[in-house]
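Scroll down for the structure; my scribbles are underneath it.
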Amino acid sequence: MNDKVMTMKQAIKAFVKPGDKVFFAGMQHGEPVAAIHEIVRQKINHLTVIPALTLTFGVMVGEGLVDRLVMAFVRDLFDRRESYTIIKAKRNHCYPELEEYSHYALCLALVAGEMGISFMPTKCLLGSDIEKYNRNIRRMKCPFTGEEIVAVKAINPDVGIIHVQRADRHGNAQKWGSLGMDRMGINASKKVIVTAEEIVDSDVVRRDPNRTIVPGMRVSAVVEEPWGSYPTHLTGCYDGDLPGYLGGMEGKGAEAYESYMSEFVYGVADRGDLIRKIKALKGDAYFDRLRLKEKVFSEPIGTGILRPQG
Amino acid sequence: MKPIDYTIKEQMIVSAAREIKDHDIIYAGVGLPNVAVLLAKFSHAPNATVVYETGIVRIEPCILGLGVDTLPTQYRSDMLTDVLYVNSLAQRGFFTLGFLGGGQIDRRGNINSTCAGSYRSPSLRFPGSGGCCDIATLCRNVIVVIEQKKYRFPERVDYVTGPGYLDGKEGSREKLGLPPGTGPARVVTNLGVYSFHQGEMVLDSIHSGAGITLEDIRQNTGWEIRISDDLKETVPPTEEELRLLRERVDPAQKFIKGKLVL
Chain A
0 MNDKVMTMKQ
10 AIKAFVKPGD
20 KVFFAGMQHG
30 EPVAAIHEIV
40 RQKINHLTVI
50 PALTLTFGVM
60 VGEGLVDRLV
70 MAFVRDLFDR
80 RESYTIIKAK
90 RNHCYPELEE
100 YSHYALCLAL
110 VAGEMGISFM
120 PTKCLLGSDI
130 EKYNRNIRRM
140 KCPFTGEEIV
150 AVKAINPDVG
160 IIHVQRADRH
170 GNAQKWGSLG
180 MDRMGINASK
190 KVIVTAEEIV
200 DSDVVRRDPN
210 RTIVPGMRVS
220 AVVEEPWGSY
230 PTHLTGCYDG
240 DLPGYLGGME
250 GKGAEAYESY
260 MSEFVYGVAD
270 RGDLIRKIKA
280 LKGDAYFDRL
290 RLKEKVFSEP
300 IGTGILRPQG
Chain B
0 MKPIDYTIKE
10 QMIVSAAREI
20 KDHDIIYAGV
30 GLPNVAVLLA
40 KFSHAPNATV
50 VYETGIVRIE
60 PCILGLGVDT
70 LPTQYRSDML
80 TDVLYVNSLA
90 QRGFFTLGFL
100 GGGQIDRRGN
110 INSTCAGSYR
120 SPSLRFPGSG
130 GCCDIATLCR
140 NVIVVIEQKK
150 YRFPERVDYV
160 TGPGYLDGKE
170 GSREKLGLPP
180 GTGPARVVTN
190 LGVYSFHQGE
200 MVLDSIHSGA
210 GITLEDIRQN
220 TGWEIRISDD
230 LKETVPPTEE
240 ELRLLRERVD
250 PAQKFIKGKL
260 VL
């Protein structure tokens, strides 16, 4: 099998193109933040973004890279938060078009994409105005029961990006903890970029293969990126610091936003550089405090085969 | 007996917690609903199962975080899964209770988490449905926990994110194909507790112990609110409820004292 390991810069450059539909995995858990910042640095624009309740992708909207948002919930949109990502996008006439779903409906669109079928039926959305403003949601009668149901059109992102705890060099990616829309969104995507806290030997994967969320044959690039989800949490690895991240920026206007961007996004070469910079500012103890120290382990699962007798 | 000091927020949490029964299977949102669930689990509902939208199913009470998905809400859960699994449970009718916040709620229990004004150029934009529509369409016994202000209680929401009883006509939900028995059951606010009768919100009790009057309710409701024939004063938090809330549920007072997070 191919070795797909590359740097974040190479992976984003090779597999995210202007105009692409991009899915971000990480529904409040293990967001691919390092990848998001690299897309911003490379200024890849005219994107359609499908966030699985990803709290940290707003900077892409602020930087004018997003033409369309395919979404169920975007924290920054709430006017009372006065998120500068939205204010800046409006000011620069690049506020994205919105295509709205509920969590379940968006997830079902990705399930249909994953399955290679044109839509999924559901009872959620009946009676909601969501369907009035989204032409990818239609009514139909169930051919078996005659019941009124909603059809949600399949979504197949051009590229899906996920951050995981571990992956091997071929792209077999293992994530645990809550999984949000990760499995559906990533598997519905045409190209897949895996970023991982740690690249491990394939033997580690093969001793616990149930944990694999996408197999290597579906993956285009593997990036080793410690702290790749910071400032969101990643189960088994570290806690997040969303208050520290949002608190410094949200609702604090142009100056706080622009200084964050120039210091911590444009002002660093990559994630390693960012971590060094934050350590220099906040001290080594900052990341030590976030790192999980007392891990809890369950019994290992057993697999194996019978050896031929004799 | 010496009167007990408590805040409106504590009354709101306690009132919401009292809606939970032991063995309930609960779809819970962020903020106060989560606090109410935890209080119920420490008091009268230790066997309730709590489910969070990102794919968390758990029996053990957990330390409160500011979000739904945190290391503590994941840690020692009974199952970690995904949005598909959790909402498919809802669609099959397995939840006995759904907790919901929202931007606005109207006379008919319709919830708006999308926008006020016109959709194309809203006067106020909310973050979007998230799980609101899923819970509102698929869960039985939906409890809406919301801060009551006039702009949050319009006669008719501009955008129905999560359907309540729609136009209020009998069978309006069922006619659309929504599962029978679903829909909002109660609304708990900082002013009172409401239920629904013939598809219309009805005031059941006022938080009088915290100084709230019927006038406060009227001033913060965008229509002539219907009042129950059996209008009550909300039973104030008991000493035991307050002790559990302050000592075990929220010892850091993140929610009791913090800004209302709904």
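Residue numbers (numbering that gives the first Met the number 0), protein chains in the order written: chain A, 0 to 309; chain B, 0 to 261.
Note that CB positions come from ideal geometry on N, CA and C, so glycine has one too.
All figures in this text were calculated on a predicted structure; none of them were measured in a lab.
Pull up the distance between the alpha-carbon of residue 157 (chain B) and that of residue 238 (chain A), whole angstroms please. 39 Å
Applying a beta-carbon distance threshold of less than 8 Å, which residues of chain A neighbour residue 178 (chain B)? 122
Can you round the beta-carbon distance between residue 317 (chain A) and residue 193 (chain A) to whole angstroms, since I take them to be within the 8 Å contact cut? The displayed coordinates of chain A run from 0 to 309. Any statement about residue 317 (chain A) would go beyond what the structure contains.
Could you check where the beta strand (DSSP E) with residue 147 (chain A) kicks off and where it finishes? Segment 147-152, the beta strand (DSSP E) holding residue 147 (chain A).
Taking beta-carbon pairs under 8 Å, can you tell me which members of the stretch 153-186 of chain A lie near chain B? 175, 176, 177, 178, 179, 180, 181, 182 and 183
Helix, strand or coil at residue 171 (chain A) according to DSSP, with G and I counted as helix: It is coil, neither helix nor strand.
Pull the bridge partners of residue 116 (chain A) from the DSSP assignment, please. Paired residues: none, contrary to the question.
Extract the residue ranges of the alpha helix (DSSP H) inside the stretch 69-136 of chain A, only unbroken runs of 4 or more that lie entirely within it. 83-90 and 102-114
At a CB distance below 7 Å, what residues from the stretch 76-87 of chain B approach chain A? Give them in sequence order. 79, 80, 81, 82, 83 and 86
Looking only at C-alpha atoms, which of A:101, A:130, A:106 and A:263 sits nearest to residue 129 (chain B)? A:101
Residue 59 (chain A) Cβ short of 7 Å to the ligand HEM heavy atom set: This structure simply doesn't include the ligand HEM, nor any ligand for that matter.
If you count every other CB in all the chains shown that lies within 10 Å of the CB of residue 284 (chain A), and 16 or more means buried, which is it? It is exposed - the Cβ of residue 284 (chain A) has fewer than 16 other Cβ atoms within 10 Å.
Assuming residue 224 (chain A) and residue 7 (chain A) form a contact by the criterion Cβ under 8 Å, report the distance between their Cβ atoms to the nearest whole angstrom. That pair is a contact at about 6 Å.
Looking at the strands, I want to know which residues DSSP matches up with residue 207 (chain B). BP columns for residue 207 (chain B) are empty, so no partner.
Would residue 204 (chain B) and residue 186 (chain B) be called neighbours here (beta carbons separated by less than 8 Å)? No, these two residues do not count as a Cβ contact at 8 Å.
Close beta carbons around residue 34 (chain B), own chain, < 7 Å, minus the five adjacent residues each side: 12, 63, 248, 249 and 254
Proximity test, Cβ basis, 8 Å: residue 41 (chain A) and chain B: Among the CB atoms of chain B, none fall inside 8 Å of the CB of residue 41 (chain A).
Apart from the five residues on each side of it in sequence, which residues of its chain come closer than 6 Å, Cβ to Cβ, to residue 226 (chain B)? 202
Supposed close pair residue 219 (chain A), residue 162 (chain A) - CB separation, criterion 8 Å: That belief does not hold up - the Cβ atoms of residue 219 (chain A) and residue 162 (chain A) are roughly 15 Å apart, past 8 Å.
Do the stretch 65-84 of chain B and the stretch 114-129 of chain A meet, that is, are 3 or more Cβ pairs less than 8 Å apart? no
Can you check whether the C-beta of residue 260 (chain B) is within less than 8 Å of a C-beta belonging to chain A? Residue placement at residue 260 (chain B) is poorly supported in this model, since its pLDDT is 41, which falls under 50; the coordinates still yield a value, given next. Residue 260 (chain B) does not count as touching chain A.
Counting contacts by CB-CB distance shorter than 8 Å, is residue 28 (chain A) in contact with chain B? Using a CB distance cut-off of 8 Å, residue 28 (chain A) counts as an interface residue toward chain B.
Evaluate contact between the stretch 41-54 of chain B and the stretch 15-24 of chain B, counting only Cβ atoms and requiring at least three cross-stretch pairs below 8 Å. Two segments are said to touch when three or more pairs of C-beta atoms, one from each, lie closer than 8 Å; by this definition the stretch 41-54 of chain B touches the stretch 15-24 of chain B.
Interfacial residues, the stretch 289-304 of chain A to chain B, with Cβ spacing under 7 Å: none
Mind checking which residues open and close the beta strand (DSSP E) that includes residue 28 (chain A)? Element bounds for residue 28 (chain A): n/a, residue is neither H nor E.
Name the DSSP bridge partner or partners of residue 181 (chain B)? B:139
Could you run through the stretch 60-77 of chain A and flag, in chain order, every residue whose CB is less than 7 Å away from some CB of chain B? 70, 71, 72, 73, 74, 76 and 77
Own chain residues within Cβ distance below 6 Å of residue 53 (chain B), not counting five before or after: 68
Can you list, in chain order, the residues of its chain whose CB lies under 7 Å from that of residue 211 (chain A), leaving out five sequence neighbours each side? Result list for residue 211 (chain A): 171, 172, 173 and 204, in chain order.
How many whole angstroms separate the CB atoms of residue 113 (chain B) and residue 124 (chain A), which I take to be in contact at a CB cut-off of 8 Å? 13 Å between Cβ atoms; not a contact.
What first and last residue would you give for the beta strand (DSSP E) that runs through residue 231 (chain B)? 225-232
Are the CB atoms of residue 240 (chain A) and residue 190 (chain A) within a distance shorter than 8 Å? no
By the three-class DSSP mapping on this structure, what secondary structure does residue 164 (chain A) have? strand
Delimiting residues of the alpha helix (DSSP H) encompassing residue 57 (chain A): 57-61
Count the other CB atoms within 10 Å of the CB of residue 150 (chain B); is the residue buried (16 or more) or exposed (fewer)? exposed
Just checking, does the stretch 90-98 of chain B make contact with the stretch 61-75 of chain A on the three C-beta pairs under 8 Å criterion? no
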